[in-house]
Each structure stands twice: as structure tokens, then as C-alpha cells.
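From first to last, the protein sequence lines stand for chains A and B. Just so we're aligned: the first sequence equals residues 414 to 744 in our numbering. Just so we're aligned: the second sequence equals residues 414 to 744 in our numbering. Ideal Cβ placement from N, Cα and C applies to all residues, glycine included. This structure is a prediction, so every number in the text was calculated from the model and none was measured.
2 protein chains.
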Amino acid sequence: MPEIRQNPATKEWVVIATERARRPEEFVEMGETGRKIPVYSKDCPFCPGNEASTPPEIISVVGSDGKWSLRVVPNKFPALIPEGESVRDGDFGFFRSMDGLGQHEVIIETPLHNASFGDISDDKALEIVKAYRTRYLDLSSDKRFKLVTVFRNQGKEAGTSIEHPHSQIVATPVVPLHIRHRLEEATRFFDNHGECVFCRMLEMEKKDGKRIVMDSESFLVIEPFASRMPFETWIIPNEHHASFGEVGDTELSELARVMNRLLEKFNRCLGSLSYNLVVRTVPVGEEGEDYYHWHIQLIPRLTTPAGFELGTGVYINTSLPEAAAKFLRKA
Amino acid sequence: MPEIRQNPATKEWVVIATERARRPEEFVEMGETGRKIPVYSKDCPFCPGNEASTPPEIISVVGSDGKWSLRVVPNKFPALIPEGESVRDGDFGFFRSMDGLGQHEVIIETPLHNASFGDISDDKALEIVKAYRTRYLDLSSDKRFKLVTVFRNQGKEAGTSIEHPHSQIVATPVVPLHIRHRLEEATRFFDNHGECVFCRMLEMEKKDGKRIVMDSESFLVIEPFASRMPFETWIIPNEHHASFGEVGDTELSELARVMNRLLEKFNRCLGSLSYNLVVRTVPVGEEGEDYYHWHIQLIPRLTTPAGFELGTGVYINTSLPEAAAKFLRKA
């Protein structure tokens, strides 16, 4: 019997399609295994020696050998640029538009062409998430920006054309509707229950245990009850903070370790799969709010959303979250 | 300068990324051209002779030769099944779920393995959209179902594994949040302006003209102002009806012709591309409403939504809708 589940935090329904469900093991072959990525690629714009093929650095980390180990640069083909006005709708017309004001940066995580989360040291992972926080805080301080989104696309199916390990950060001058709706649902829960819905989720998931992938001092890693796609995974900090910018040093070290271990698990279980990773956080100026709770979503791209998903927003998931969690837990 | 645009009907923002924009011609090579699909495939479950590999027919159309020309069958691996209760949340617990009650049907459009919209006669196209309406109306009359969604996935990038031309129809026992949000925005516009936002859009698009692809007696075909993906196309009926079930015979004939012509244009311009097509309509029981207006969305899968899209709901579109419309208009 298929099951329809609702995500308690977002109120989105998903279909857990048991009639077409696959066991976790059946997804293993879908990851790209065995392909050897070189440590250096001479045509890669992010490899050492090709620094001139990116715009000048915003920040960089230099190792004891005097060479860079991480660079943050403006995206050469930015979706948004830090010019123009954040004024919309000057004439209150029917079609509303505004300048493509914003900032679009690339975090080149390492000089090595093939060293991604799951294959790197925890120290290296910490260097990367530290860069996330540094750039997040800097962009958040620009009054023209309303939302700062850190994300990472890995693999062709996840929409990236550049293989070299990198993350991205985009500051937008508007709060997208999709974010507004999530904040509304979280606020509604807070109004009803006087508690953050994510704090409650942590409590319920710990009690239930079935969907836990990893449990550390500061983070709970789960396959959400209403996972939209096979192996969708959330990393939720135990401590309530609305904004990613509020993450402390100790928490950040643990986050690096947890992300690294989690992706090591994924690599081991599913081959080197394509995935998107995104840091969910409140809009700028809403730090300190009671109702939202920053977290990270990891979305493997093992299946393709089709017409039903695009037309209804309801995902048909062919994997049972509890089975996926058990599979990953044991890995 | 990139531009941020808001869809007047959905209020969703999109980024029109001019810095990385491609001219319409540059998408041509992305469609799969030249691949020859056979007229018959002996292992295809939808080809004649393999009728036993699908569940028994719900309806079929039989030609003058006594053979079927269209079959509607239950999906063999349904996302939802017409069993169970539409009761949710029996104990008001934190995690809400319900039986996977619904119906999932496949419309096998033709006995020919390779004859899809754009390559078929207008009469054939009419047979297909008539089946859409027949099944839509039948499923809408089942009081357990709240939304009936007709859609079509073509090509691997659009998430289909079966090549044989087919559409699908899914009845769900809940109104998805994504649909609720769209209805809310349309209602808000109606409350503000005393007019359906799609009726106004038709008027404004006709006046503006720049985004029109085709203009027929009963339908306007446009690249929406805030297109999410390159060549996203909407087919909007001129006459206001909230529900697809209200479409009349004359309109249906014209819809068949318009869809067929539009996809012929796509085939000619972009090769045989992967796309999703979805009929947007009100939930069951809201027929006759003033505030919503059924329409069809065609979404070519030429680019891959990545972490930014998944994390913010904002699409980065690398094609200017006005340029895409001009390109298609001239085709």
C-alpha cells in the first residue's frame, strides 16, 4: 500500500510509492562507480596555474607551503551582479521586475581536482565550512541583500558542468516565495505550540530512532519522514539558531566532521553520486528568531522529477526513508 | 545586466541571467536530433500485441479497422491506488500520513511507437485530448479525490523510461501545498482587482505582443514573462474557466490543433527534446470559480535545476523569454 506523508515543518505532501519502491541496495548501481577523476586537469579553470581564468580573489586561505588551499572568487558568469538598484515595481505595472542585483561567488575548495567531501581530511572540511560562514556573514552585512544561500552541486545530474570541487554562495535582493512559505509554516507551528518545529522534530526523531543516520553531540542527521527523493538527508543542529550565521566555532568543527563522514558513507554506499547540498537559513535580519532553525539538506539526484512533481509540487519517492536510514546507518 | 522578474500569477521570482544567456539558436544542438525511433518495438509494453503486459483497459478507442487506436489503463506500478481511506491524522500526532489512496492511469496515445504530438494528425491529437477530458471528468466525480492532474513526460531528461507516446493522469486525495499557494495568489489578485489574473495576463500579453508564440481563436500561446526555464511555454484559453473539465468541444478541437502545431514547432526548432507538459486546473469542487483559469504548461528540459533552485525555489533562466518567443514565432 503506498503512503502519503506530510513533512511537519514544510507541510508538503510526498508519496512514498511502495508499489514501485526499490530497496536501498538497488540504488547502488545508479551512482557512478569506478570512474577515476584526475588530481589535476590542465583545462580546469579552478586548478592551480589557471588562477587568471577566474576573477580576482575575494578571500583565500594560504597553506604553510605558501600556496593557496582555498579561494573564493566572484562567479565569472554570475546569475546576479553587485550593481543596480534594489527598487522594484517603479510604476506599479502588471509585469514586475528589478535589476539583477546580488552577488554570486564560487568557493574553490581545494587545489586538488578530485578531492571532495568524503575523500578529504576533517581539517580540510573545516576550512571549507569556515569559508561558508565567513562569506555568509560578509554578504549578510550588505543591506541590499535579503537572503544569502550557500549551496553545492556535485556531478552532472546535479546541474554542474565543472568537476573541480567547489561550492557557491548567492545573495539575492528578494526573499523568494518558496522561502516565505516555509517561514510561514514554521511560524504557524510556533504560534500553535510555542515551540520551534525543528526543535520538536529533533525530539521526535530521537525518540523514534528509525530515520537517524548519524547522531553527534551537536547534530542529528536524518532521512526526513517525508523525504522527497531517495536518500534525501537533513543535517539539523541540536542547538536552536535561526540563522547559519549564528553557528559557533565548536559547532562548525563538528559540522565539518559530520558532513565529511556523511559523504564518505554516501560514497561507500552509493558510488560517487550526483547531489545538491543547500544550507537553509532565515532571511537577513531575522537572526535570533524563535520559529526557524537553520539546517542542511542533501539531495542525491538518483531519480528525475517529472511532470507530476512539476505540476503539483508533490514528489513521488521510490525509497522508504526508514530503509534508507538503516542502510546508511550500517554502512 | 541580469534581471529579476516576478510571475504576476504565481508571484515567484526568476533570474533572467543575461551574463550567461544563450541565444535561442544555441539551444538547438541540445535537443536530440536525428535519432530514429522505430514504429514498433517488440519489447514495449504499450505496443500492439503486448496488451497483456498492462492491466485491463479502463477505456479504449477502436478504429474503423477494428483495432485499438488509444487505450487508457491503470499504471502497472502506480504511485497511488484506489484503495484505503482518505482519513489523515487519526491521532493528531506530529508525523502525519495517510493511505496512498488515489488513481494513476496511463493514456497509451497510439499503437505507433514513434508517433507523438508534433508528428501526428490533428484528428489523432483530438482523440488524445478527448481522452484527457473523459478521464478527468470521470476521476473528478469520485468524492475521495481532491485534485486530478493530467501530464505528459517525453524523453529521458523529462523522467520517463518508456519511449512509446503516452500521457498520465493522477488523482490525489489531498490538495498539494504548491497548488494551494497558487490558488491563494490568484485569489489575492482577484480580491485586489476584481478580475482573474490570467484574464488580465491574456490582455497584457496581447497588448505587449513580444512573448506571443501563437495566437488562435481560443488560445494564446506565450513564453511567460517570468519563464523559469528556456522555452517554458504556456497555452492559455481565452475563455475563462477555472477547471479543465469545463473545456467545450470546439475549444478541445482547437486545443488539439494548437498543441500539435506547437510541438511541431519545437521539433523543428530544437530537435526532439525532452519535455514535461502539465494541465493546471483547480481542485475538484472549485469548478466555476472566478479567480483561477486552467492552462497548460510545457517545460522543455534543456537545463538542470541545481542547488540554488532546490534551495530557494528561484530558477535561473539562461534564455530571454522575448527572444525565445520570437524564435518560435518565426519557425
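Worksheet item: Taking 9 Å as the CB-CB cut-off, is F644 of chain A touching chain B?
Response: no
Discussion item. Strictly by DSSP, which residues pair up with T585 of chain A?
Written reply: A:L560
Worksheet item: So who's on the other strand from D749 of chain A, going by DSSP bridges?
Response: As shown, chain A starts at 414 and ends at 744. That puts residue 749 of chain A outside it, with no answer to give.
Worksheet entry | Min CB distance Q710 of chain A to chain B below 9 Å | yes
Worksheet entry | Per DSSP, the bridge partner or partners of L615 of chain B | DSSP lists no partner for L615 of chain B.
Discussion item. Under DSSP, the beta strand (DSSP E) around P487 of chain A begins and ends at which residues?
Written reply: 481 to 487
Fill in: Beta-carbon proximity of I494 of chain A to H526 of chain A, cut-off 9 Å
no
Worksheet item: Could you check where the beta strand (DSSP E) with T646 of chain A kicks off and where it finishes?
Response: 646 to 650
Worksheet entry | Extent of the continuous alpha helix (DSSP H) run through R693 of chain A | Where R693 of chain A is concerned, there is no enclosing alpha helix (DSSP H), although the beta strand (DSSP E) it sits in stretches over 688 to 693.
Worksheet entry | Option in A:G724, A:P461, A:D456 with minimal Cα separation from K480 of chain A | A:P461
Worksheet item: What residues from the stretch 426 to 444 of chain A come within 8 Å of chain B, judged by C-beta to C-beta, listed N to C?
Response: W426, V428, I429, A430, T431, E432, R433
Item to complete: Would you verify that the beta carbon of L733 of chain A is, or is not, closer than 9 Å to some beta carbon of chain B?
Response: no
Discussion item. Closer than 8 Å to a non-hydrogen atom of the ligand MG - does that hold for the CB of S580 of chain B?
Written reply: Among the ligands in the structure shown, none appear at all, so the ligand MG cannot be discussed.
Worksheet item: Which value, in whole angstroms, describes the spacing of the CA atoms of C457 of chain A and R693 of chain A?
Response: 30 Å
Worksheet entry | Helix, strand or coil at V727 of chain A [DSSP, three-state] | coil
Worksheet item: Are there 16 or more other CB atoms within 10 angstroms of the CB of Y453 of chain B, so buried, or fewer, so exposed?
Response: exposed
Worksheet entry | Local conformation of N605 of chain A per DSSP, three classes | helix
Item to complete: Look at the alpha carbon of R681 of chain B and the alpha carbon of A744 of chain B, and state the distance between them as a whole number of angstroms.
Response: 7 Å
Discussion item. Just to make sure I have the definition right: I need the residues of chain B whose C-beta is within less than 9 Å of the C-beta of T585 of chain A. Which are they?
Written reply: I417, W426, V428, T725, V727
Worksheet item: Which residue from A:N689, A:H706, A:A737 puts its Cα closest to that of T717 of chain B?
Response: A:N689
Fill in: Close Cβ partners of A528 of chain A (< 7 Å) along its chain, the five nearest in sequence each way excluded
P578
Worksheet item: On the premise that Q567 of chain B lies in contact with S687 of chain B, defined as a C-beta separation below 8 Å, what is that separation, rounded to the nearest angstrom?
Response: 6 Å
Item to complete: Kindly indicate if chain B contains any beta-carbon less than 9 Å away from that of S510 of chain A.
Response: yes
Worksheet entry | Nonlocal neighbours in the same chain, by C-beta distance under 6 Å from T600 of chain B, ignoring five residues either side | Y704
Worksheet item: Any idea which residues DSSP pairs R435 of chain A with across the strands?
Response: Note: R435 of chain A sits in no beta bridge, so no partner.
Worksheet item: In three-state terms, what does DSSP make of D532 of chain A?
Response: coil
Item to complete: With 9 Å as the threshold, decide whether the Cβ of H706 of chain A is near any Cβ in chain B.
Response: no
Worksheet item: What does a CB cutoff of less than 6 Å around E470 of chain B pick up in its chain, not counting 5 residues either side in sequence?
Response: R484, V486
Discussion item. Any beta carbon of chain A sitting closer than 9 Å to that of T423 of chain B?
Written reply: yes
Worksheet item: So, do the stretch 621 to 632 of chain A and the stretch 591 to 598 of chain A have three or more beta carbon pairs nearer to each other than 8 Å?
Response: no
Discussion item. At the 9 Å Cβ level, is I520 of chain A part of the contact set with chain B, yes or no?
Written reply: no
Discussion item. I want to verify the contact list: residues of chain A whose CB lies under 9 Å from the CB of R565 of chain B, in sequence order.
Written reply: G720
Worksheet item: By DSSP, does F721 of chain B sit in helix, in strand, or in coil?
Response: helix
Worksheet entry | Secondary structure of S570 of chain B, DSSP reduced to three states | Residue identity differs from the one stated: residue 570 of chain B is Glu in this sequence, not Ser. The answer is helix: DSSP assigns E570 of chain B an H, G or I state.
Discussion item. Tell me the residue span of the beta strand (DSSP E) that contains L711 of chain A.
Written reply: 708 to 713
Fill in: T467 of chain B: contacting residues in chain A (beta-carbon distance under 7 Å)
In chain order: nothing, as chain A lies at least about 15 Å away.
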